[in-house]
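Scroll down for the structure; my scribbles are underneath it.
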DNA sequence: ACAATAAGTCAAATTTTTATGACTACTCAA
DNA sequence: TTGAGTAGTCATAAAAATTTGACTTATTGT
């Protein structure tokens with residue numbers, strides 16, 4: 001493993017990967033999507049502090065990363081559904097690892 | 001789980017946790033530290049694109065998060081050693097999960 | 001006393017990310 | 001044809017993260 005290969009920020013898939021899941025809202029959205037397909041307005045309600053713009057950005061990025069898939073549902077009032085792709089499903093273990101950590105001691109120190 | 005509890009960015013430990021490990025250089029430094037204690041100058045050489053300032057920032061943040069411990073070694077030329085704390089060790093599974101992903105297909109699409 | 005090495009700090013500039021507020025597109029139903 | 005509902009876009013502003021380049025501290029060897 002050379003120095004260059006170790007520089008995650010520029011060359012390594014691992015950093016690239018973490019970037020896919022980070023940002024102010026992407027982790028939240030990802031976690032909702034794990035539960036099942038989510039719609040735009042639904043996320044808006046679940047994350048009242050996020051703006052439309054913030055959510056569309058996050059959703060576009062998750063889409064571009066190949067984690068979420070955008071599906072327009074032509075029903076009564078038009079809907080847009082986002083759901084995990086196969087790749088997205090592969091990311092679940094990362095969140096599982098995160099959730100398995102007991103952060104209480106850390107939070108309390110703050 | 002209420003809406004508020006789900007808003008990782010503001011209220012949930014999971015987002016707080018992800019924040020501990022993200023940023024331009026923190027993941028790299030963390031991965032080095034997993035191998036064993038690292039020194040400032042050593043990291044500088046390993047990450048030639050990172051500036052002193054960037055590294056001290058990252059190291060301070062990792063320290064404040066309780067992931068790394070800073071130890072001054074009063075030897076020949078003064079040294080500063082950073083090593084994983086117990087909490088830091090608990091983070092390893094997250095990176096393991098990251099490393100277990102096969103990102104080749106993703107990288108190729110870009 | 002002086003230079004060298006290791007590990008920084010500081011203020012300012014730049015870049016990236018996120019927020020604000022106004023406006024748009026499409027579909028359906030009355 | 002008008003209005004309601006859903007899902008946005010766009011330009012700009014503000015905030016946060018990162019970089020730049022000069023300066024600092026502490027210790028040791030000569």
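Residue numbers (this note's numbering), protein chains in the order written: chain P, 1 to 110; chain D, 1 to 110.
Glycine residues also receive a C-beta, built at the ideal position from the N, C-alpha and C atoms.
What you are looking at is a predicted structure, and each value in this text was computed from that prediction instead of being measured.
1) At 3 residues or longer, and completely inside the segment 6–77 of chain P: list those beta strand (DSSP E) runs for me, N to C.
2) Which one or two residues does DSSP pair with residue 90 of chain P in a beta bridge?
3) Could you have a look at residue 99 of chain D and say whether DSSP puts it in helix, strand or coil?
4) Answer with buried or exposed for residue 88 of chain D, where buried requires no fewer than 16 other C-beta atoms within 10 angstroms of its C-beta.
5) Using a C-beta cutoff of 9 Å, does residue 34 of chain D count as contacting chain P?
6) Which residues in chain D sit within 8 Å of residue 98 of chain P, going by Cβ to Cβ distance?
7) Please look up how many angstroms separate the CB atoms of residue 58 of chain D and residue 23 of chain D, rounded, as I've assumed it's under 8 Å.
8) Give the residues of chain P in contact with residue 22 of chain D, contact being defined as C-beta atoms less than 7 Å apart.
9) At the 9 Å Cβ level, is residue 78 of chain D part of the contact set with chain P, yes or no?
10) Going along the chain, which residues of its own chain have a beta-carbon closer than 7 Å to the beta-carbon of residue 92 of chain P, five neighbours each way excluded?
11) Report back the beta-carbon spacing between residue 79 of chain D and residue 69 of chain D to the nearest angstrom; my notes put them in contact at under 8 Å.
Reading it off the structure:
1) 68–73
2) In the first chain, the residue the question calls residue 90 of chain P occupies position 90. In the DSSP output, where bridge partners are listed per residue, residue 90 of chain P has none listed.
3) Numbered from 1 along the second chain, position 99 holds the residue referred to as residue 99 of chain D. The answer is helix: DSSP assigns residue 99 of chain D an H, G or I state.
4) Your numbering for residue 88 of chain D matches position 88 in the second chain. With 16 or more Cβ atoms within 10 Å of its Cβ, residue 88 of chain D is classed as buried.
5) The count along the second chain starts at 1 and reaches residue 34 of chain D at position 34. So no, residue 34 of chain D is outside the interface.
6) Translated into positions along the first chain, residue 98 of chain P becomes position 98. Here the neighbours are 14, 17, 18, 94.
7) Stepping through the second chain from its first residue, residue 58 of chain D is reached at position 58. Stepping through the second chain from its first residue, residue 23 of chain D is reached at position 23. Residue 58 of chain D to residue 23 of chain D, Cβ: 6 Å. Contact.
8) The sequence position of residue 22 of chain D within the second chain is 22, counting from 1. In chain order: 18, 22.
9) As a first step, residue 78 of chain D must be located in the second chain, where it is residue number 78. Cβ-Cβ to chain P under 9 Å: no for residue 78 of chain D.
10) Taking the first residue of the first chain as 1, we reach residue 92 of chain P at position 92. Answer for residue 92 of chain P: 34, listed in chain order.
11) As a position in the second chain, residue 79 of chain D is number 79, starting the count at 1. As a position in the second chain, residue 69 of chain D is number 69, starting the count at 1. 14 Å between Cβ atoms; not a contact.
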